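Contents: one structure, followed by commentary.
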Amino acid sequence: MVSNYKNPPTFDEGKPYESWKNEVEMWTRVTDLQKKKQALAVALGLSGRARETAMEIPVDDLNKDTGMNTLLEKLDGLFLKEEKDRTYDAYSSFDRIMRDSSLSMADYIIEFEQRYSRMRKYRMELPDADVTLSHYRDEEILTISEKMNTAEKQKILVKLHRQFGHASADRLLRLLSSSGTKDTECATILHRIVSECETCQRYSKIKPRPAVGLPLASQHNETVAVDLHELEPGLWYLHIIDQFTRFSAGSVLTTKKGSEIVKHFIHDWISVHGPPQKLFSDNGGEFNNDEVRDMAENFNIEVKTTAAYSPWSNGLIERHNKTLTEIIMKVKTSNDCDWETALDWALMAKNTLQNVHGYSPHQLVFGQNPNLPSVLTDKPPALEGTTKSEWVAKHISALHTARRAFTEAECSERIRRAVRKQLRNTDDRYEMGEKVYYKRVDCPEWKGPGVVIGQDGAVVFVRHGGTCVRVHYLRLRKVKNEDDGHVMNDDTERTIDFEQRQNSTGDTNSNDDAGDEDPENQSDADSDTDDTETRVSTGGQTDKEHRTDVQLKIGQILNYRDVHSGSLYRAEVLGRAGKATGKYKSWYNLLFIEPTNVAGKTDSVDISKLQNLQIEPTVDIVNSSEDVLITKDVSFDHAKQEELKNWRDNNVFETVQEEGQKSISTRWVCTLKETPAGLVPKARLVARGFEEFKVSELQKDSPTCATESLRLLLAVICQRKWTLHSMDIKAAFLQGVELSRDIYIRPPSEADCKGTLWKLKKCVYGLADASLYWYNRVKQIVLEAGGKISKVDPAVFYWTDQDCAVTGVLACHVDDFIWGGTENFSKTVIPHLRSVFQVGREEHDCFCYVGMDFVTVDETVHVHQESYIQHMQSINMSPSRAVQHDSFLCEEEKDVLRSKIGQILWVARQSRPDALFDASNLASKLKNATVQTIHEANRIICKLKSKKVVLNFQHLGRDPGLKLVLFSDASFGNLSDGGTQGGHLIVLMGENGKFSPLSWQSKRVKRVVRSTLAGETLAMSEGIDNAIFLAMLFSELTSGCTDHSPPIICVTDNHSLVDALKSTKSVSEKRLRLEISSIKELVQMQKIERVLWSNTKEQLADCLTKKGAPAHQLLKALSDGQWKLE
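The sequence shown runs 5 to 1130 under this note's numbering.
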């Protein structure tokens, strides 16, 4: 440093930020520079991120006596926050440490030491041991004496069982015995506790696999097993083996297509041995496909498959695969022959040398062994061992190598089988309706409970929710505690019995169960309601043995007698007063109804101690999202006849005689539609379009109105002070244009058309291009009615008069129309559409359209999704799973999370821009999602529910004063993987500051950026593209052409970007020059009126790019529908 101390300390991110601040503090006291010049000197001496941050501060703010404070505050926000985040992460990581049952003590100590050392790095005190480790201590010594009753012993033993990591009953008995406990009843209680423990059942080991299975065949070609075995990447061999004789055949494959499997199976087996009676395979797509099933049907072969994740179910072929592959590899290596030759001689060696039932497989099939070279049978020429042909020599060498390799492999296999000593259990039988857990290899815990719906040998069919799974009986475990069959975790599944519901509402008709119906149908309940299940019958049940298991729903009415006063009380359940698994699990909050002196008061009551407890019967609402509606007694016959009438009225088909034409099958899709009159059965006849020939070559895509276009349409309607209308088209696809190809479908049985086919005249539901034919019909009718198609969005139409003034606009989303226009437009164009199409419901002012609610009040349209948001449910997890924050999700959990992320993203993109960054960030974590990701999803749902957000579309004043305002922002390197998030918000704003929101976006910047300037530039460029699209569409819908686009104003909080657009000097990053040049060109062409700088606090797009950024400014602007642009 020079003697006058004008050079400030340089900052290196490799050393602590606080140390550098201390150096700067000392430098300010010894330097000769003026106080107002010190901040400028320090800023110019910075580099990297610190310099970029400092350059965002205006020069005038630094050139002050307080300039140093301003600079350090800005840098503190960058570096101290990172330091605090790392400190918090280190402390949180240490605070969450917990020893898992699968973790050894040595590994646990290492993990503890690593987390502690990481925490100490930040000079933090070790938390008090009593606080940190309190969950390992007990308030009392747990001892059992003979003076205790059974309930007290049960309580202590349950606590011991849980404290010792769900130890087995035998281990706990040894522990109690060593501590001096000699109570004989403990053994019985402990075994019952362990057998009924939900956690022990979920994480228990599966049954051992059977050592020996029953024979699947008693004669040749009765049962044939097939399997594919990989030789090298992209190369497999098909192994076919007879279950009785063990005779093998096979061929080498380069693809796993079903057609190749069929081709080689027919060539290698059926052409030689004839079709087998049964074909046994696993569930792989190469065997479980339509082509294999079609072959089996034509050759009269019964197809059987194994259960999922149970290769031992087809153990014979799996074991022979090992032997055969070993022979093939040795022959290939020793003789340098091709794979086909190695396979052929490996099969010959195995078929002629293996001993089955005292004979070789070749003898059992053909009656004798082949005449192969042997010293016992060879004639003199063969004994010479010489040949002139290299090809013959290779084959003879391969023959002997294969026989030698088989002998080695067989001996090795026999040794392995000889040392197996474990005895296995025999087959268990599972009855239909039994509740079971099932195991999957990708999840450490047992899944379920599911309900058994059938068993085919070793394969058990289990229905879990709406999914049917095939499970090997060894991977099943019966639910031993009936209560656990219903309540698997704190987020309880509610059971609704449709027959019981009918009885409770007065319907006394009997209800016969179908063979494949599950008597109990489950659905997840919202965690905001009481997570319990009613097990008390809705009559006058008062038996004490039931009161200990009573679990109530919110809103149920109770009648009971007070123990002390003897008075009768009537009360409504408000919810739990304690945890469902805690000490106060039987306590509930009640709202008293009777007697009158306590009516309206609330209190907490222990329902296990109430006398004469009765629960009044309630009628469940059938369209509740929490119920599973069973429709086996709902008749859809009338609905089906109505659908067939629609087909006839719309002239959809003509009847022809069946003469072997290629035809497509049909199916019914039956639903219950909610209407003002209640639930109405609806039926739709759907063609199985995937059966059509060359369906992949058809053009299928059809335009639908973009979300931005819909909002702009609303803005135009409000600007013109037109009334907003919606229109629903009935049976839309049946009203499409005429078909251009011949399609025949098989009529449903309800049509009573035996021996005939229907030749379609129009595209119907289920065909791949049905929506395209419908759109073409809409386009045709609109053009006939004098309408025009938008150049930028083909799903938007508009009409003009003789003066080229727009008189009406319409957008279509499949069969839902939304429109507005002048009185003349409403009296001429709309009636024409009604006369051509079969129109269903028409609404205006207040209606729901494509999942959003539209309400018109005083010429202002309010748009929100509050009803949908309030029905969104959080993802439920058991308490034991919820604390495993860093644990990766299994596939089933990922599916649930993926669905929930889809719901959140849809809401954020339609009506909630304040949640869009969180939703986008959450979607990026799905691939490596953990339990913590589920917690984040639940927090976003709570955030959405906590505040109602309404988008306002209104009249904005004079048309010449309208402009499109683009707020763009980016956050450099803020994503977890170092990526940059960009976002923008576009509004249509009038002279008075009123605006209508049109578009918003938050997504990862597509390319790697090296600075904040690059990120901000790319974010603005993306927003400008969208703004130009909206400007052209607005011009079309207001003037009938694209030449009168409103001006665009860009707003950013990055000084460097504003300066770069005004400067003639090029930026250092060459790729960035292209983006900046394109923006400059748009400014010169006057498509962009100007680019403004705004303070970060007033940047409406700030919350679209940063986690935790305050969204109150954006929400206030959306609520008021106004923003002052400075």
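Backbone N, C-alpha and C define an ideal beta-carbon position, used for all residues, glycine too. As the structure is a prediction and not an experimental result, all values here were calculated from the model.
query	result
Confirm, please, whether the CB-CB distance from Asn-325 to Asp-231 is below 8 angstroms.	yes
Could you check which residue in Ala-603, Tyr-748 and Phe-821 has the C-alpha nearest to that of Val-660?	Tyr-748
May I ask you to report which of helix, strand or coil DSSP gives His-233?	strand
Reducing DSSP to helix, strand and coil, say where Gly-997 ends up.	coil
Measuring CA to CA, which of Gly-1019, Asp-1057 and Leu-1037 is closest to Arg-1075?	Gly-1019
For Lys-157, is the classification buried or exposed, using 16 other Cβ atoms within 10 angstroms of its Cβ as the cut-off for buried?	buried
Is Gly-510 helix, strand or coil when you go by DSSP?	Since pLDDT at Gly-510 reaches only 37, below the 50 mark, its modelled position is unreliable, and the value read off the structure follows with that caveat. The answer is coil: DSSP assigns Gly-510 none of H, G, I, E or B.
Rounded to a whole number of angstroms, what is the C-alpha to C-alpha distance between Trp-273 and Gln-223?	16 angstroms
Fully enclosed by the segment 1011 to 1068, which alpha helix (DSSP H) runs are 4 residues long or longer?	1016 to 1043 and 1059 to 1066
Taking the alpha helix (DSSP H) that His-939 falls in, what are its first and last residues?	935 to 950
DSSP on Ser-882, reduced to helix/strand/coil?	coil
Verify whether the separation of the beta carbon atoms of Gln-869 and Val-911 is less than 8 angstroms.	yes
For the pair the segment 1061 to 1070 and the segment 741 to 759, tell me if three or more CB-CB distances fall below 8 angstroms.	no
What's the gap between the Cα of Asp-342 and the Cα of His-243?	17 angstroms
Rounded to the nearest angstrom, what separates Gln-665 and Cys-767 at their Cα positions?	18 angstroms
Where do the ends of the alpha helix (DSSP H) carrying Thr-57 lie?	52 to 59
Buried or exposed, going by whether 16 or more other CB atoms sit within 10 Å of the CB of Lys-904?	buried
Out of curiosity, what's the CA-to-CA distance linking Val-786 and Phe-801?	8 angstroms
Identify the continuous alpha helix (DSSP H) that holds Thr-356 and give its terminal residues.	343 to 357
Measuring alpha carbon to alpha carbon, tell me which of Lys-898, Ser-1082 and Leu-683 ends up nearest Gln-936.	Lys-898
Fully enclosed by the segment 734 to 768, which beta strand (DSSP E) runs are 3 residues long or longer?	760 to 764
Spatial neighbours of Ala-1105 within its chain, please: CB distance less than 7 angstroms, with the 5 preceding and 5 following residues excluded, ordered by chain position.	Phe-971, Ser-972, Asp-973, Gly-987, His-988 and Leu-989
Residues in its own chain within less than 8 angstroms of Gly-452 by CB, not counting five upstream and five downstream?	Lys-439, Val-440, Tyr-441, Tyr-442, Val-466, His-468, Val-483 and Met-492
Over what stretch of residues does the beta strand (DSSP E) that includes Thr-864 continue unbroken?	864 to 868
If you draw a straight line from the alpha carbon of Lys-334 to that of Tyr-434, how long is it in whole angstroms?	45 angstroms
Any idea what DSSP makes of Pro-13, helix, strand or coil?	coil
Roughly how many whole angstroms lie between the Cα atoms of Ser-700 and Leu-239?	28 angstroms
Within the continuous alpha helix (DSSP H) that includes Trp-24, where are the two ends?	21 to 34
With DSSP run on the structure shown, which of helix, strand or coil describes Phe-657?	strand
Whole angstroms is fine: what's the gap from Gly-570's alpha carbon to Arg-178's?	49 angstroms
Within its chain, find whatever has a CB closer than 7 angstroms to the CB of Gly-994; leave out the 5 residues flanking it on each side and keep chain order.	Leu-960, Gly-961, Gly-965 and Leu-966
Assuming Lys-765 and Val-673 make a contact with CB atoms under 8 angstroms, what is their CB distance in whole Å?	Lys-765 to Val-673, Cβ: 22 angstroms. No contact.
For the segment 777 to 786 against the segment 687 to 701, do three or more pairs of beta-carbon atoms, one drawn from each stretch, fall closer than 8 angstroms, so that the two count as touching?	no
Taking only the alpha-carbon atoms, compute the straight-line gap between Gly-997 and Thr-1056 and give it to the nearest angstrom.	18 angstroms
What does the alpha-carbon distance come out to for the pair His-1116 and Leu-1078?	35 angstroms
Just curious, the beta strand (DSSP E) that Asn-956 is in, first and last residue?	955 to 957
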